[in-house]
Amino acid sequence: EFQSKYDIPKLIGDSNDPGLLTSAIRKQGYGVLLLDEVEKADRDLTNILLTITDEGYFIDGLGKKVDCKNLVIIATSNAQSENVFSPEFLNRFDGIIKFESLNRESINILAKKIITKISLDIFKLYKVKVFVSEKTIDLVSKKGFNPKFGARNLERTIRDEIEDKVAKIILSEKVKSGDVINL
Numbered sequence: 719e720f721q722s723k724y725d726i727p728k729l730i731g732d733s734n735d736p737g738l739l740t741s742a743i744r745k746q747g748y749g750v751l752l753l754d755e756v757e758k759a760d761r762d763l764t765n766i767l768l769t770i771t772d773e774g775y776f777i778d779g780l781g782k783k784v785d786c787k788n789l790v791i792i793a794t795s796n797a798q799s800e801n802v803f804s805p806e807f808l809n810r811f812d813g814i815i816k817f818e819s820l821n822r823e824s825i826n827i828l829a830k831k832i833i834t835k836i837s838l839d840i841f842k843l844y845k846v847k848v849f850v851s852e853k854t855i856d857l858v859s860k861k862g863f864n865p866k867f868g869a870r871n872l873e874r875t876i877r878d879e880i881e882d883k884v885a886k887i888i889l890s891e892k893v894k895s896g897d898v899i900n901l
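Take any residue in the sequence shown, note its place counting from 1, add 718, and you have its number in the working numbering.
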């Protein structure tokens, strides 16, 4: 939400407003600062983050020091660190956890978990069992996975390809309690 240099006053304040980050830190004194998709932040905002992680404070819009020493800072990114972030930025963090790309097996396991939950919910509501074949699981896994964006679309694909089909079958009254729907 706060990515451009024009968003900085919203965070650290200006002469009219103390800013969201400034207000929250002064009110609580401690907390977690989540920097989601930090690679999208403007350089001016990144420089403020460097000051926070290096010095433990920043200067608000009124020129006052805001103590950040009791903040846990977590940054997430979809970027490969060696291509986007400067060494000085990366070295400010105590640890970096790199998540590997998902493979076909991982996507299938995730798809099975989502489908199992949907199947259990349907059984609880309608007493109808849903059986999804390995072939169907593989198809929705392939359709719902994008190497660039990972599994973000997987749940939506499962809803569209499985849950919606089951709902139509149930609503058409072609099944009754105790029946099995095979997909």
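Built from N, CA and C at the ideal position, the CB exists for glycine as well.
Asked: Length of the line joining the Cα atoms of Ile840 and Glu755; Found: 36 Å
Asked: Residue environment, Phe817, which counts as buried when at least 16 other CB atoms sit within 10 Å; Found: exposed
Asked: Own chain residues within Cβ distance below 6 Å of Glu986, not counting five before or after; Found: Past the boundaries of the shown model lies residue 986; the chain is included only from 719 to 901, so the question cannot be answered.
Asked: Same chain, Cβ closer than 8 Å to Cys786, neighbours up to 5 away in sequence not counted; Found: Ile743, Leu751, Ile770, Gly774, Tyr775, Phe776
Asked: Cβ-based neighbour list, Glu881, same chain, cut-off 6 Å, excluding 5 preceding and 5 following; Found: Ile836
Asked: Buried or exposed by the 16-neighbour rule on C-beta atoms within 10 Å, applied to Leu828; Found: buried
Asked: Delimiting residues of the beta strand (DSSP E) encompassing Phe776; Found: 775-777
Asked: Proximity of Gly779 and Ile730 at Cβ, strictly below 7 Å; Found: yes
Asked: Limits of the alpha helix (DSSP H) - the one that Ile743 falls within; Found: 738-746
Asked: Contact set for Leu738: own chain, Cβ-Cβ below 7 Å, skip 5 residues either direction; Found: Lys728, Leu729
Asked: Sequence-distant residues of its chain with Cβ nearer than 8 Å to Asp762 (five each side left out); Found: Lys723, Ile726
Asked: N-terminal and C-terminal residue of the beta strand (DSSP E) that Leu751 is part of; Found: 749-753
Asked: Residue span of the beta strand (DSSP E) that contains Asp839, given as start and end; Found: Here Asp839 belongs to no beta strand (DSSP E); instead the alpha helix (DSSP H) covers 822-844.
Asked: In DSSP terms, what Gly868 is bridged to; Found: Asn864
Asked: Close Cβ partners of Leu768 (< 8 Å) along its chain, the five nearest in sequence each way excluded; Found: Glu806, Phe807, Arg810
Asked: Proximal residues to Ile876 (C-beta, below 8 Å), its chain only, five neighbours per side dropped; Found: Ala829, Ile832, Ile833, Ile836, Val858, Gly862
Asked: Own chain residues within Cβ distance below 8 Å of Asn796, not counting five before or after; Found: Glu755, Glu757
Asked: Rounded separation between Glu823 and Ile855 - CA only; Found: 11 Å
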